[in-house]
Amino acid sequence: MSVSYQLPDGASMEFEQPASAFEIAGRISKKLAKQALAAKANGNLIDVYLPIDDGATVEIITRETDEALELIRHDAAHVMAEAVQELFPDTQVTIGPTIANGFYYDFHRDTPFTPDDLKTIEKRMQDIVRRNEEIRREVWDRDEAVAFFLEKGEEFKAEIIRELPADQEVSLYRQGDFIDLCRGPHLPSTSKLGDGFKLTKVAGAYWRGDANNAQLQRIYGTAWRDKKELNAHLKQLEEAEKRDHRKLAREMGLFHIQQEAVGSMFWHPKGWRMRQNLENYIRGKMEKGGYQEVSTPQMMDRILWEQSGHWDKYGEDMFTVCTHDHKEMAVKPMNCPGHVQIFKQGITSYRDLPIRLGEFTTLFRNEAHGALHGLMRARSFSQDDAHIFCTEEQVNEETAGFIKMLREVYEDFGFDSFRIKFSDRPDNRAGSDETWDKAEGALRSAVESLGLECELNPGEGAFYGPKLEFVLRDAIGRDWQCGTLQVDFVLPDRLDAEYVAEDGSRQRPVMLHRAV
1 MSVSYQLPDG
11 ASMEFEQPAS
21 AFEIAGRISK
31 KLAKQALAAK
41 ANGNLIDVYL
51 PIDDGATVEI
61 ITRETDEALE
71 LIRHDAAHVM
81 AEAVQELFPD
91 TQVTIGPTIA
101 NGFYYDFHRD
111 TPFTPDDLKT
121 IEKRMQDIVR
131 RNEEIRREVW
141 DRDEAVAFFL
151 EKGEEFKAEI
161 IRELPADQEV
171 SLYRQGDFID
181 LCRGPHLPST
191 SKLGDGFKLT
201 KVAGAYWRGD
211 ANNAQLQRIY
221 GTAWRDKKEL
231 NAHLKQLEEA
241 EKRDHRKLAR
251 EMGLFHIQQE
261 AVGSMFWHPK
271 GWRMRQNLEN
281 YIRGKMEKGG
291 YQEVSTPQMM
301 DRILWEQSGH
311 WDKYGEDMFT
321 VCTHDHKEMA
331 VKPMNCPGHV
341 QIFKQGITSY
351 RDLPIRLGEF
361 TTLFRNEAHG
371 ALHGLMRARS
381 FSQDDAHIFC
391 TEEQVNEETA
401 GFIKMLREVY
411 EDFGFDSFRI
421 KFSDRPDNRA
431 GSDETWDKAE
441 GALRSAVESL
451 GLECELNPGE
461 GAFYGPKLEF
471 VLRDAIGRDW
481 QCGTLQVDFV
491 LPDRLDAEYV
501 AEDGSRQRPV
511 MLHRAV
């Protein structure tokens, strides 16, 4: 009995038994078989040598395919880990994911890695590429895998395997003498990695991101399809360094950051005047748009944050203090619960809606040290934080009004265009699926009514609602997520916000969270 496969161009191909992507590519042309790095079977990425089920639609992944960079960076992390263990045998490997433009791997080692070590590791990586080691997937028994890594002294890998779900198979990838835990897929051999990679820096990290756990060393690298792409990226990094706002701020005397207040700015007179001018500019835009400026307390009782849902979803990222009467207070990371408290004062009629409340206060978030990046990611910051309380029927109009304001602001600062991402429900969220269906539907309807094009950003919504993210591109081609608009049916319900509808009934307002 033969098996058949569908190709992207609509053609079909038959084999006497299940074939691999490599065999399918070889049937098309020898050149394609040589170029094949992996494949998609019914949309799922798989290794190029694995047999594929009958009836699948198969797409061959080559170096020019969009998915190739993810594979290249994934393999670069494994090749780096192999190089490190060859050069420094007592080093334990932990995890090594891909990231934007590159990869990293966390290592446990008593002696710090030096810049010279990075050069040596990179050279060994080049040697491993030249060895052309086959990369193959193996499925192991869970207990055998744990015992194997423990015998090698790899306590972190053994811990990960122990904690895998009972129904998840343990897949390991072998290249030469190096074996690592991984779901895959991978390139067929180390030679396919090529020469478009470079190690960039070493930083500190903690096992599982917890400062109470073992301290690790994180080696970062960047990887591309070839040397030309790598050099273009390195050139962009040089240009970015020249334009680094932290460097320019020091040189121009605008603000500085120091160790005693990591993640917060010491604003100098010229910088503070500039910030005040920007704040007054956006304040004028908001006044013109019908916003009323308010101010809410910097610290509020834990009870309010529990009621809003922030404590469960966001508690670890909040700064807290304990009062003399043993109350736990949280320094606010956002203004939304406070704005709901203002909305709830007195009786609000449907005739009063929409109500737009804005605030310029400083917010505080306990961001991880490694995530901090000057003004772009800070532990204390200020923004044009505002919330619109409206009816479901007013969501489209309010969305249009906000985007009009946002467009005007961006154009005033020289940004003639922006991209929009639609971020839908995350796994960790508040509210029922029915509520989320309603919120996502309302935001989608607003976007469609405005004729806007959006990219789907799956699972990246806020815990209380879906959002639009507005992305700007800077002078050297980097993307920055700036403005946001979030539709929230959850928080008004949790904090008991209501208005009197036209028929006299009590209804929950829709809450729009927005910032330019």
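Per our numbering, the sequence shown starts with residue 1, numbered consecutively.
The beta-carbon is built from N, C-alpha and C at its ideal position, and this holds for glycine as well.
DSSP beta-bridge partners for D479?
R473
Taking 8 Å as the limit between beta carbons, can you name the residues of its chain near D479, skipping five residues before and five after?
R419, V471, L472, R473
For S445 and I46, I'd like the C-alpha separation in whole angstroms.
36 Å
9 Å Cβ cutoff met for N457 and K421:
yes
Could you check how far apart the C-beta atoms of I524 and A21 are, in whole angstroms? I think they sit under 8 Å.
In the structure as shown, the chain starts at 1 and stops at 516, and residue 524 therefore has no counterpart that could be examined.
Collapsed DSSP secondary structure at R63 in the structure displayed:
coil
Within the same chain, show all residues whose beta-carbon is closer than 6 Å to that of G289, passing over the 5 residues directly before and after it, in chain order.
M405
Within 10 angstroms of the Cβ of T450, are there 16 or more other Cβ atoms? Answer buried if so, exposed if not.
The sequence given here has Leu at residue 450, not Thr. Looking at its Cβ environment, which holds fewer than 16 other Cβ atoms inside 10 Å, L450 is exposed.
Please report how far the alpha carbon of Q215 lies from the alpha carbon of E411, in whole angstroms.
45 Å
DSSP has D106 in a bridge; who is on the other side?
R218
Taking the alpha-carbon positions, what's the S17 to V3 distance?
In the sequence on display, residue 17 carries Gln and not Ser. Rounded to the nearest angstrom, the two C-alpha atoms are 6 Å apart.
I need the straight-line Cα distance from I60 to D9, nearest angstrom please.
12 Å
Span of the beta strand (DSSP E) around V340
No beta strand (DSSP E) contains V340, which is instead part of the alpha helix (DSSP H) from 336-343.
Just curious, the beta strand (DSSP E) that W140 is in, first and last residue?
135-140
Run of the alpha helix (DSSP H) containing I530, from where it starts to where it stops
Missing from the structure shown is residue 530; the chain here goes from 1 to 516 and no further.
Could you give the distance in angstroms between the alpha-carbon of E70 and the alpha-carbon of T98?
7 Å
Secondary structure, beta strand (DSSP E): runs of 3+ residues fully inside the stretch 241-269
none
Minimum C-alpha distance to E397 - residue among R131, P354, A368
P354
DSSP-derived helix/strand/coil call for I46
strand
At 3 residues or longer, and completely inside the stretch 386-465: list those beta strand (DSSP E) runs for me, N to C.
419-423, 455-457
What are the boundary residues of the beta strand (DSSP E) that includes S382?
380-382
By DSSP, does D167 sit in helix, in strand, or in coil?
coil
Classify H324 as buried or exposed, calling it buried when 16 or more other Cβ atoms lie within 10 Å of its own Cβ.
exposed
Going straight from the alpha carbon of V84 to that of T190, what length do you get?
15 Å
Do H186 and I135 have their C-beta atoms closer together than 9 Å?
yes
Quick check on Y104: buried or exposed, where buried means 16 or more other Cβ atoms within 10 Å of its Cβ?
buried
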